[in-house]
Amino acid sequence: MSTIKPARITKVLADSIAADIGFEPGDAIVSINNTQPRDLIDYQFLCADEILELEVLDSSGKIHHVEIEKDYDEDLGLEFSTALFDNLIQCNNNCPFCFIDQQPPGKRSSLYLKDDDYRLSFLYGSYLTLTNLPQREWQRIEQMRLSPLYVSVHATEPDVRIRLLKNSRAGQILEQLQWFKERRLQIHAQVVVCPGINDAQHLEQTLLDLASFHSVEIPTVASVAVVPVGLTRFRPQEDELVPVTPEKAQETIRQVQLLQEQFRQRFGYTFAWLADEWFLIAGEELPCESEYEDYPQIDNGVGSIRLFLKNFNLAADNLLPQKVSKREFTWVVGNAVEKAFIPIVQRLNVVDGLEVKMQALSSDYWGQNISVTGLLTGHDLLLNLKDMDLGNGILLPNVMLKHGELVFLDDMSVGEVAQKLNTTIFPVANQEELIKTCIQN
Numbered sequence: 002m003s004t005i006k007p008a009r010i011t012k013v014l015a016d017s018i019a020a021d022i023g024f025e026p027g028d029a030i031v032s033i034n035n036t037q038p039r040d041l042i043d044y045q046f047l048c049a050d051e052i053l054e055l056e057v058l059d060s061s062g063k064i065h066h067v068e069i070e071k072d073y074d075e076d077l078g079l080e081f082s083t084a085l086f087d088n089l090i091q092c093n094n095n096c097p098f099c100f101i102d103q104q105p106p107g108k109r110s111s112l113y114l115k116d117d118d119y120r121l122s123f124l125y126g127s128y129l130t131l132t133n134l135p136q137r138e139w140q141r142i143e144q145m146r147l148s149p150l151y152v153s154v155h156a157t158e159p160d161v162r163i164r165l166l167k168n169s170r171a172g173q174i175l176e177q178l179q180w181f182k183e184r185r186l187q188i189h190a191q192v193v194v195c196p197g198i199n200d201a202q203h204l205e206q207t208l209l210d211l212a213s214f215h216s217v218e219i220p221t222v223a224s225v226a227v228v229p230v231g232l233t234r235f236r237p238q239e240d241e242l243v244p245v246t247p248e249k250a251q252e253t254i255r256q257v258q259l260l261q262e263q264f265r266q267r268f269g270y271t272f273a274w275l276a277d278e279w280f281l282i283a284g285e286e287l288p289c290e291s292e293y294e295d296y297p298q299i300d301n302g303v304g305s306i307r308l309f310l311k312n313f314n315l316a317a318d319n320l321l322p323q324k325v326s327k328r329e330f331t332w333v334v335g336n337a338v339e340k341a342f343i344p345i346v347q348r349l350n351v352v353d354g355l356e357v358k359m360q361a362l363s364s365d366y367w368g369q370n371i372s373v374t375g376l377l378t379g380h381d382l383l384l385n386l387k388d389m390d391l392g393n394g395i396l397l398p399n400v401m402l403k404h405g406e407l408v409f410l411d412d413m414s415v416g417e418v419a420q421k422l423n424t425t426i427f428p429v430a431n432q433e434e435l436i437k438t439c440i441q442n
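Under my numbering, residues 2 to 442 are what the sequence shown spells out, in order.
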């Protein structure tokens, strides 16, 4: 069994119960009603009660006992340093396409953690394989109704999935889906397509098998994302993987679109979606916005470009002035989205006095000819933008940076890159920040 650590508090929300009591960042919760919470799920479940007895460890190491009376389900107003107060459940597979294994050595340790934890899947929508769960964790999923979970399926044929995950337990996926069905629990699935391994007839079999678990009443498999494999120059040479070519992308698009028609007729719902990258690799137009329905796979890059464009136009309607004092910016994006984002640049440059130049880059760092924005690194910016007139600075999408920190995937800091390019870098988190940075700086 893993060791449970006290839940370290990083933030106390203003005007909350915790603020009234006097909780401070650095305090830690040891137990709630004599139970040690393993994770944020336990914490939320235990804190739903109306009367709480907390054992609290303050930052000086002193233990306090606190009793709280509150409304049922009322939140205490605490945030923690991590969602897991015991150990991360790590991956026990050896998938050749795993991005963790396609990185260079010697970077920050967090980049090499292989998360395969059902709790992070439930809380944040990260994908897991279901190959590493002991019986007690299956029981907890059932007892606490932890649904939906997000599952990396990749293939439903046992021999194909075992080959992909390099794990003999990977062949149990259909039995596991039946387990979810019998308990009326849901999953969202993803299939990373590796040409020559789980594509073509194998992909069709996988999607049809998953569709057999989708009923209109309570669908066990709520949706599926079909994603092209992404490869870097650091991957092991014996991995038997080949990149997705434009021809393979076009073939896969046609194949999945035929199945989508079947699913729409059966369910009144598309059910399986292609990630935007397929269309970018194929050099084809993205589907129209309505085809993404309720965007169930947005975090897998399904419809993210269409949604970005829609939200940009809404923000632009509200925020863009007719004129600003003269200024010029360089907007850095991955070259995969260059064509799709041209309308954004055109719309910004209608503003009198504003000039935004898009620099759409591929990643030399990862060895990719076509790159998504989130994989660009400090190395790529220095390589491509040195000696260039960058105007008043660089507009930098936050997706390139470590969550909550101004650090790229190659461990270079934003400040270091800005200094070497002799410019200012403006990290922007969304469409509104992009526009406001253009018109206010």
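The beta-carbon is built from N, C-alpha and C at its ideal position, and this holds for glycine as well. Fair warning: this is a prediction, and the values are worked out from it, not measured in the lab.
I need the straight-line Cα distance from residue i to residue j, nearest angstrom please.
i           : j           : result
residue 95  : residue 428 : 35 Å
residue 5   : residue 30  : 11 Å
residue 390 : residue 383 : 13 Å
residue 70  : residue 20  : 14 Å
residue 32  : residue 406 : 31 Å
residue 40  : residue 26  : 18 Å
residue 64  : residue 7   : 11 Å
residue 47  : residue 36  : 8 Å
residue 173 : residue 58  : 43 Å
residue 418 : residue 425 : 9 Å
residue 244 : residue 363 : 15 Å
residue 11  : residue 136 : 33 Å
residue 17  : residue 75  : 10 Å
residue 22  : residue 54  : 13 Å
residue 269 : residue 166 : 33 Å
residue 1   : residue 240 : This structure gives no information on residue 1, because the portion of the chain shown stretches from 2 to 442.
residue 56  : residue 297 : 40 Å
residue 229 : residue 377 : 18 Å
residue 434 : residue 396 : 10 Å
Applying the 10 Å Cβ sphere with the 16-neighbour rule, what's the burial state of residue i?
i           : result
residue 73  : exposed
residue 422 : buried
residue 88  : exposed
residue 353 : exposed
residue 430 : exposed
residue 113 : Unreliable placement is indicated for residue 113, whose pLDDT of 43 sits below 50; no coordinate value is reported for it.
residue 199 : buried
residue 145 : exposed
residue 49  : exposed
residue 157 : buried
residue 224 : buried
residue 261 : buried
residue 336 : buried
residue 66  : exposed
residue 404 : exposed
residue 60  : exposed
residue 52  : exposed
residue 439 : buried
residue 259 : exposed
residue 125 : exposed
residue 15  : exposed
residue 436 : buried
residue 289 : exposed
So residue i is in the beta strand (DSSP E); what residue range does that whole segment cover?
i           : result
residue 188 : 188-194
residue 151 : 150-153
residue 330 : 324-335
residue 97  : Neither: residue 97 is in no beta strand (DSSP E) and is coded neither H nor E.
residue 122 : Here residue 122 belongs to no beta strand (DSSP E); instead the alpha helix (DSSP H) covers 119-125.
residue 243 : Note, residue 243: premise wrong, no beta strand (DSSP E); not H, not E.
residue 236 : First-last for residue 236: undefined, no H or E at that position.
residue 426 : 426-429
residue 9   : 8-13
With a threshold of 8 Å between beta-carbons, can residue i be considered close to chain E, or not?
i           : result
residue 132 : This model lacks chain E altogether; it includes just one protein chain.
Taking the alpha helix (DSSP H) that residue i falls in, what are its first and last residues?
i           : result
residue 161 : 159-166
residue 346 : 339-349
residue 65  : Element bounds for residue 65: not the alpha helix (DSSP H) but the beta strand (DSSP E), 64-70.
residue 142 : 136-144
residue 80  : Not the alpha helix (DSSP H): residue 80 falls in the beta strand (DSSP E), residues 79-81.
So is the beta-carbon of residue i under 7 Å away from any non-hydrogen atom of the ligand ADP?
i          : result
residue 93 : In terms of ligand content, the structure shown is empty, and the ligand ADP therefore cannot be addressed.
Query raised in the report: Any contact of the segment 292-302 with the segment 275-283, i.e. 3+ C-beta pairs under 8 Å?
Result: The segment 292-302 makes contact with the segment 275-283; the number of CB pairs closer than 8 Å reaches 3 or more.
Query raised in the report: Taking three-plus beta-carbon pairs below 8 Å as touching, is the segment 371-388 in contact with the segment 311-329?
Result: For the pair of segments examined, the segment 371-388 was found not to touch the segment 311-329: the number of CB pairs separated by less than 8 Å stays below three.
Query raised in the report: Using 8 Å as the threshold, is the segment 279-295 in touch with the segment 247-262, meaning 3 or more CB pairs across them?
Result: In short, these stretches touch, since the Cβ pair count reaches three.
Report task. Starting from the N-terminal side, write out each stretch of the alpha helix (DSSP H) that is 4 residues or longer and does not extend beyond the segment 362-416. Result -> Listed in chain order, they are 379-386.
Query raised in the report: Pairing CB atoms from the segment 180-189 with CB atoms from the segment 146-163, are three or more of them under 8 Å?
Result: With a cut-off of 8 Å, the segment 146-163 and the segment 180-189 count as touching, because enough Cβ pairs lie within range.
Query - Contained alpha helix (DSSP H) runs [length at least 4] in the segment 284-329, N- to C-terminal order - result: Correct list: 305-320.
Query raised in the report: Between the segment 194-208 and the segment 334-346, do at least 3 Cβ pairs fall closer than 8 Å?
Result: Taking 8 Å as the limit for Cβ pairs, the verdict is that the segment 334-346 does not touch the segment 194-208.
Requested in this report: Say whether the segment 130-142 touches the segment 170-185, bearing in mind that this needs 3 or more beta-carbon pairs closer than 8 Å, one atom from each stretch.
Outcome: Contact holds: three or more Cβ-Cβ distances are below 8 Å.
Report task. Entirely within the segment 201-234 and at least 4 residues each: give me those alpha helix (DSSP H) ranges in chain order. Result -> Under the rule that a run must span 4 or more residues, the alpha helix (DSSP H) segments found entirely inside the segment 201-234 read 201-212.
Query - Runs of alpha helix (DSSP H) lying entirely within the segment 22-68, each at least 4 residues, in chain order - result: The alpha helix (DSSP H) runs of length 4 or more contained entirely in the segment 22-68 are, from start to end of the chain, 41-47.
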